[in-house]
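Heads up, the thing below is written out as structure tokens.
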Amino acid sequence: MNKTANYNKEITTIYRVNEFLSSASIGSLEHLLNLIMEEATKTVDAEVSSIALYDKQKKDLYFTVALGKKGEQVKQFRIKLGQGIIGVVAKERKSLNIADVSKDKRFSSGLDKKTGFKSKSILAVPIIHKGKLIGALEAINKRGMKSFSSQDARLLEIVAGQAAIGIENAMLYEKILKKHGALKIKHRQLIEAEQKLVTMGKLSAIGNMASRIVHDFRNPLTTIKGFTDLLMLKKETVQSKDIEEFHKFITSDVDRLMGMTVEILDFAKGKSTLKFEECTMKDFMDNICAILKRDFENKNIKLIADLNYDGPVYMDKGKMQRVIYNIAYNARDVMSNGGTFKVETGSCGNQVEIKLSDTGGGIPDEIRATIFEPFATYGKSNGTGLGLAIVKKVVGEHNGTVVIESPPSPKDSFDTTFIIRFPKQKT
Ligand SMILES: Nc1ncnc2c1ncn2[C@@H]1O[C@H](COP(=O)(O)OP(=O)(O)OP(=O)(O)O)[C@@H](O)[C@H]1O
Ligand SMILES: [Mg+2]
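Shown next as structure tokens:
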């Protein structure tokens, strides 16, 4: 073949390899290798071809594809770098063109024995991309002739050179796909775990809430039972003014229980049913203070009332009562060894102000930022974290504000003060 014909053949090969490389669907390495082998077999007119890819981790070569006679069987083999003709080519990164492999001691007949194929002539070229070994490509048995020509070697090197880029890209793509698949699995697992956590969180919140409800219900129920027992046991001696007093306590505790059930149901349903009415601050606070006094007595907590506003207010009495209890019971929880709880009322323009202070040591830093958020609880085994969320919601529904001073002011002997302000009149 003359120089021009050689040149033309090389150009045609480059063109064809480029053509199938750009048309091969990206990502399918096996498909791409098949195309390269077909092209190599055709280009150098061989009986069969195969590609061995280099495994960087195991430092060996593996045949992923082999077309032609018995080709399918060659698919699974692994060989060491330097083993057999293709192994030597990969190791030394130099092409080999051997006319009769049976006379070459580097030839390993292992594959032939396993496949039943008879190799005679072999042309093998390394596949290298940017100085990195990708593998090696071999064409076996030149059709109609004894051996491959130097022109065949040149052409196969061209095929290998072009193929290297495609293989490298396909391998990278496969790696990305694998990573993407693994990430997708991880993502799914994360979502499942998150769902489980949410369910568990909800269940534990419900459990905590239930125990808290039982706990909160116990106080008024015990009082009611105490008064009714007293009425029965001492019915002959009880005076009518005592009966009136007992009746007042029982009714107020029953109202408190009813209020709690409505509030819990409202919270569970996410709705709000406020019943605003004109009331007198004095009656409202007197009733609350009487109940708190009783609740705090056996906890060694002193109640101080400094009530400076007795006038009218427009509010949902039951809900506002609950606001004060929620704050007071938090204070009771942190003053397990006793302390002082102070209730103050005042008036500031058209606003009524309720200040509730305790000597419980102050708000822990860990909860400070989230204290008004639902389910934010800290340092309690049975806290639901709804108490102050309800406080904020109810005060907000009264167009009011609630703020915490912790520590209040240096001259104050209290550790935490909740300040509630809301309009006295309907807005
Ligand atoms: N007066 C206070 N002093 C110190 N820490 C407080 C005080 N009031 C509230 N806290 C802290 O704020 C947290 C949130 O209070 P919140 O009333 O919202 O929930 P809880 O008391 O934990 O549970 P729940 O009231 O729903 O039973 C409490 O767990 C507690 O750590
Ligand atoms: Mg609470």
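The opening residue of the sequence shown carries number 48 in our numbering; numbering runs sequentially from there.
All residues carry an ideal CB built from backbone N, CA and C; glycine is no exception.
- When DSSP reads this structure, T327 sits in a beta bridge with P359.
- Boundaries of the alpha helix (DSSP H) harbouring D380: K364 to V381, taken from the DSSP string.
- Annotation for V148: no alpha helix (DSSP H) segment contains it, and DSSP assigns it neither H nor E.
- Following the DSSP letters along the chain, one finds K439 in no beta strand (DSSP E) but inside the alpha helix (DSSP H) bounded by residues G434 to E444.
- A residue is called buried once 16 or more other Cβ atoms fall within 10 Å of its Cβ, and R415, having fewer, is exposed.
- The chain-ordered list of residues whose CB is nearer than 5 Å to some heavy atom of ligand 2 reads N377 and G434.
- Remark: fewer than three beta-carbon pairs, one from each stretch, lie closer than 8 Å, so the segment 301-312 and the segment 340-352 are not flagged as touching.
- Contiguous alpha helix (DSSP H) elements confined to the segment 135-204 occur at 157-162, taking only those with 4 or more residues.
- Non-local beta-carbon contacts of V441 in its own chain, meaning distances under 6 Å to residues more than five positions away in sequence, involve K366 and V370 in chain order.
- The alpha carbon of V148 has as its nearest neighbour, out of D289, T327 and E185, the alpha carbon of E185.
- The straight-line gap separating the alpha-carbon atoms of K138 and K243 is approximately 53 Å.
- Fewer than three pairs of CB atoms, one per stretch, sit closer than 8 Å, so the segment 156-167 makes no contact with the segment 213-233.
- Excluding residues up to 5 positions away in sequence, D300 lie with their Cβ nearer than 6 Å to the Cβ of T270 in the same chain.
- Just so you know, the alpha carbons of G306 and E241 end up roughly 35 Å apart.
- Taking a C-beta distance under 8 Å as the contact criterion, M328 and V285 do not qualify as a contact pair.
- A straight line joining the alpha-carbon of I133 with that of A171 spans about 6 Å.
- Of the other Cβ atoms in all chains shown, 16 or more fall within 10 Å of the Cβ of L143; this residue is therefore buried.
- Annotation: the continuous beta strand (DSSP E) that includes E400 extends over Q398 to D405.
- By the neighbour-count criterion, in which 16 or more other beta carbons inside 10 Å mark a residue as buried, I58 falls on the exposed side.
- Between the C-alpha atoms of G432 and A423 there is a straight-line separation of about 5 Å.
- Cα atoms of L100 and N65: separation of roughly 20 Å, rounded to the nearest angstrom.
- Our two residues, N384 and N347, have alpha carbons roughly 7 Å apart in a direct line.
- When DSSP states are grouped into helix, strand and coil, E283 belongs to the coil group.
- By the Cβ neighbour-count rule, R125 is exposed, with fewer than 16 other Cβ atoms within 10 Å of its own.
- The straight-line gap separating the alpha-carbon atoms of I351 and G408 is approximately 18 Å.
- Following the DSSP letters along the chain, one finds A93 inside the beta strand (DSSP E) bounded by residues A93 to D102.
- In this model, L403 and V261 are separated by some 25 Å (Cα to Cα).
- Taking each of M332, L180, P267 and V381 in turn and checking the Cα distance to Q104, the smallest one comes out for L180.
- Residues of the same chain with a CB within less than 7 Å of the CB of Q472, apart from the 5 flanking positions on each side, are Y361 and N397 in chain order.
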